[in-house]
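Peer 1: Sharing a structure here in structure tokens format.
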Amino acid sequence: MQQLLVRPENMKRIDTPELAKAYIDEQVAAIRAQVGDGKVLLALSGGVDSSVVAALLIKAIGDRLVAVHVNHGLLRKGEPEQVIEVFRNQMHANLIYVDATDRFLDKLAGVSDPETKRKIIGKEFIEVFAEEARKLTGIRFLAQGTIWPDILESEAGIKAHHNAGGLPADLSFELVEPVRILFKDEVRMVGKTLGLPDGMVYRQPFPGPGLGVRCVGAITRDRLEAVRESDAILREEFAAAGLQGKVWQYFTVVPDMKSTGIKNGKRTDDWMVIIRAVNSVDAVTASIEEVPYPLLLKIRDRIFAEVKGVNRVLYDLSSKPLATIEYE
Ligand code: XMP
9 MQQLLVRPEN
19 MKRIDTPELA
29 KAYIDEQVAA
39 IRAQVGDGKV
49 LLALSGGVDS
59 SVVAALLIKA
69 IGDRLVAVHV
79 NHGLLRKGEP
89 EQVIEVFRNQ
99 MHANLIYVDA
109 TDRFLDKLAG
119 VSDPETKRKI
129 IGKEFIEVFA
139 EEARKLTGIR
149 FLAQGTIWPD
159 ILESEAGIKA
169 HHNAGGLPAD
179 LSFELVEPVR
189 ILFKDEVRMV
199 GKTLGLPDGM
209 VYRQPFPGPG
219 LGVRCVGAIT
229 RDRLEAVRES
239 DAILREEFAA
249 AGLQGKVWQY
259 FTVVPDMKST
269 GIKNGKRTDD
279 WMVIIRAVNS
289 VDAVTASIEE
299 VPYPLLLKIR
309 DRIFAEVKGV
319 NRVLYDLSSK
329 PLATIEYE
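Counting with this note's numbering, you get residues 9 to 336 for the letters of the sequence shown.
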């Protein structure tokens, strides 16, 4: 059994648990054939693609998969905990958890240019991962959550797809890409069939730089906390209202701007939380979700009651174009 690098033209869309099961069996055999008794390294972000790759590899080679979860401090509330719970506690993965929050936030301090922020996050991520990889010995393989649209986009020149994650030259690995020929919906079907939780398999798109691009301007710990806490409230209330899985992407943003407020008869100078909820098919265009007013008011009340340093909540009415989905 060989791993396929190109999706066969006549390949049936994997849209049933039976087809997913057959794919899983094939891939488990292909991984075993490729890796033999070797070890495989994986950067496990907790996103759909890397999580499905991890679950496939655990099934195929157990603790010979070494999964590294780098917490860059810009993840959503509960995400690192979920990775540890699902992969270490439930699937008994060989998981290395690195809390690099301080390292990332120190590097990002005072940096307000969005592209510079993105570059710092990307570069630091590779450095942290490379440091972990150098501590390990005897690993010949690197698993990646490359999916078929990544290949198509890089062929079309839309997205640069970095083989081996842009790692430094001293770290050279043979790639293992068990979801390479799948479309996103197929990856989800495979993940569900492998027993991953719905919260992981059907999660909304989340940018690589994470909450970093939603803490608009130079990231500070207090505003980052306000983004994380308000985002958690928004997600909880959307889930309770049955909107999870229906609205394409929803999140909160805290710009680097204060406004006047009043609390206990005294003037305040605090942050604002902007709520964004959009629908899209491919992120190229997006329309806003018409969130019911009572739900918005409930979210506002919770943000005021539970999130420190906030005196204003706004709802973003902008579609894409003219606005982009993220703020920077
Ligand atoms: P925009 O803001 O361009 O976003 O309308 C379109 C989609 O892409 C996501 N996005 C990113 N994803 N790294 C990513 O992995 C990024 O730097 C990034 N910026 C935006 C965004 O969340 C939306 O789904």
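Here a beta-carbon is modelled for each residue, glycine too, at the ideal position from N, C-alpha and C. Predicted model, so just to flag it, every value in this text is computed and none were measured.
Are the stretch 85 to 95 and the stretch 36 to 56 touching, with three or more C-beta to C-beta distances below 8 Å?
Peer 2: The stretch 85 to 95 is in contact with the stretch 36 to 56.
Peer 1: So, do the stretch 216 to 227 and the stretch 245 to 264 have three or more beta carbon pairs nearer to each other than 8 Å?
Peer 2: Yes: the two stretches touch, three or more of their Cβ pairs being nearer than 8 Å.
Peer 1: Report the CB separation of His77 from Leu113 in whole angstroms; it is logged as a contact under 8 Å.
Peer 2: The residue labelled residue 77 in the question sits at position 69 within the sequence shown. The residue labelled residue 113 in the question sits at position 105 within the sequence shown. With a Cβ gap of about 18 Å, His77 and Leu113 do not count as contacting.
Peer 1: I want to check one thing, is the minimum distance from the CB of Lys328 to the heavy atoms of the ligand XMP below 7 Å?
Peer 2: By one-based count along the sequence shown, residue 328 stands at place 320. Yes.
Peer 1: Please enumerate, following chain order, all residues with a beta carbon closer than 7 Å to at least one heavy atom belonging to the ligand XMP.
Peer 2: The set, ordered by position in the chain, is Arg126, Pro213, Phe214, Pro215, Gly216, Pro217, Val221, Gln257, Ala291, Ala294, Lys328, Thr332, Ile333 and Glu334.
Peer 1: Would you mind stating whether Gln212 and Trp156 have Cβ atoms separated by less than 8 Å?
Peer 2: By 1-based counting over the sequence shown, the position of residue 212 is 204. By 1-based counting over the sequence shown, the position of residue 156 is 148. No, the Cβ-Cβ distance between Gln212 and Trp156 is not below 8 Å.
Peer 1: Is Ser180 buried or exposed, if buried means 16 or more other CB atoms sit within 10 Å of its CB?
Peer 2: Counting from 1 along the sequence shown, the entry for residue 180 is found at position 172. With fewer than 16 other Cβ atoms within 10 Å, it is exposed.
Peer 1: Counting only runs that start and end within the stretch 202 to 288, where is the alpha helix (DSSP H) found for 4 or more residues in a row?
Peer 2: Counting only runs of 4 or more, we get 206 to 209 and 229 to 248.
Peer 1: Taking DSSP as the reference, what is the three-state secondary structure of Leu116?
Peer 2: Along the sequence shown, read from residue 1 onward, the residue named residue 116 stands at position 108. Residue state, collapsed to three classes: helix.
Peer 1: Tell me which same chain residues have a C-beta within less than 6 Å of the C-beta of Glu194, skipping the five on either side of it?
Peer 2: Your numbering for residue 194 matches position 186 in the sequence shown. Excluding residues within five positions, the ones whose Cβ falls inside 6 Å are Ile22.
Peer 1: Kindly give me the distance between the Cβ atoms of Glu140 and Val106, rounded to whole angstroms, as I take these residues to be in contact under 8 Å.
Peer 2: Translated into the one-based positions of the sequence shown, residue 140 becomes position 132. Translated into the one-based positions of the sequence shown, residue 106 becomes position 98. Confirmed, Cβ separation roughly 6 Å.
Peer 1: Is the number of C-beta pairs between the stretch 284 to 295 and the stretch 267 to 275 that are closer than 8 Å three or more?
Peer 2: At 8 Å Cβ cutoff, the stretches do not touch.
Peer 1: Under a three-way DSSP split, which group does Ile104 fall into?
Peer 2: Position 96 of the sequence shown holds residue 104. It is a strand residue.
Peer 1: Using the Cα positions of Arg148 and Asp178, report the straight-line distance between them to the nearest angstrom.
Peer 2: In the sequence shown, residue 148 corresponds to position 140, counting from 1. In the sequence shown, residue 178 corresponds to position 170, counting from 1. Their backbone Cα atoms lie some 12 Å apart in a straight line.
Peer 1: Within 10 angstroms of the Cβ of Lys20, are there 16 or more other Cβ atoms? Answer buried if so, exposed if not.
Peer 2: For the purposes of this step, residue 20 is taken as residue 12 along the sequence shown, with counting starting at 1. Exposed, because fewer than 16 other Cβ atoms sit within 10 Å of the Cβ of Lys20.
Peer 1: Compute the beta-carbon to beta-carbon distance between Leu65 and Ile32, rounded to the nearest angstrom, for a pair I have assumed lies under 8 Å.
Peer 2: The residue you call residue 65 lines up with position 57 of the sequence shown. The residue you call residue 32 lines up with position 24 of the sequence shown. Rounded, the Cβ-Cβ distance is 11 Å, inconsistent with contact.
Peer 1: In the DSSP assignment, what are the bridge partners of Ser295?
Peer 2: As a first step, residue 295 must be located in the sequence shown, where it is residue number 287. In the DSSP output, where bridge partners are listed per residue, Ser295 has Asn287.
Peer 1: So, is His100 buried or exposed, given that buried needs 16 or more other C-beta atoms within 10 angstroms?
Peer 2: As a working note, residue 100 is residue 92 in the sequence shown. The residue in question, His100, is exposed, as its Cβ has fewer than 16 Cβ neighbours within 10 Å.
Peer 1: Starting from Ala62, trace the alpha helix (DSSP H) both ways and give me its first and last residue.
Peer 2: Within the sequence shown, numbered from 1, the residue matching residue 62 stands at position 54. Val56 to Ile69 is the extent of the alpha helix (DSSP H) around Ala62.
Peer 1: My output table needs one value for Ala331: the three-state DSSP class, helix, strand or coil.
Peer 2: Taking the sequence shown and counting its residues from 1, one reaches residue 331 at position 323. Ala331: coil per DSSP, three-state reduction.
Peer 1: Helix, strand or coil, according to DSSP, for Leu304 in the structure here?
Peer 2: Here residue 304 refers to the residue found at position 296 of the sequence shown. Of the three classes helix, strand and coil, the one that applies to Leu304 here is helix, per DSSP.
Peer 1: Where does Phe181 fall in DSSP's three states?
Peer 2: To locate residue 181, count along the sequence shown from 1; it is residue 173. Phe181: coil per DSSP, three-state reduction.
Peer 1: Please tell me whether Val184 and Ile39 are closer than 8 Å, where the distance is taken between their beta carbons.
Peer 2: For this step, residue 184 is matched to residue 176 along the sequence shown. For this step, residue 39 is matched to residue 31 along the sequence shown. Going by C-beta atoms, Val184 is nearer than 8 Å to Ile39.
Peer 1: Using DSSP's beta-bridge definition, name the partner residues of His80.
Peer 2: Translated into positions along the sequence shown, residue 80 becomes position 72. Bridge partners of His80: none, in fact.
Peer 1: Span of the alpha helix (DSSP H) holding Ala151?
Peer 2: For the purposes of this step, residue 151 is taken as residue 143 along the sequence shown, with counting starting at 1. Per DSSP, Ala151 belongs to no alpha helix (DSSP H); it is in the beta strand (DSSP E), Ile147 to Ala151.
Peer 1: Quick one, which of Val60, Pro329, Asn79 and Trp279 has its alpha-carbon nearest Pro186's?
Peer 2: Here residue 186 corresponds to residue number 178 of the sequence shown, with the count starting at 1. Residue Val60 is the option with its Cα nearest to Pro186.
Peer 1: Between Gln10 and Leu190, what straight-line distance do the alpha-carbon atoms span, to the nearest angstrom?
Peer 2: Here residue 10 is taken as the residue at index 2 of the sequence shown, counted from 1. Here residue 190 is taken as the residue at index 182 of the sequence shown, counted from 1. Cα to Cα, the separation comes out at about 16 Å.
Peer 1: Mind checking which residues open and close the alpha helix (DSSP H) that includes Val43?
Peer 2: Counted from its first residue, the sequence shown places residue 43 at position 35. Looking at the DSSP string, the run of the alpha helix (DSSP H) that includes Val43 is Pro25 to Val43.
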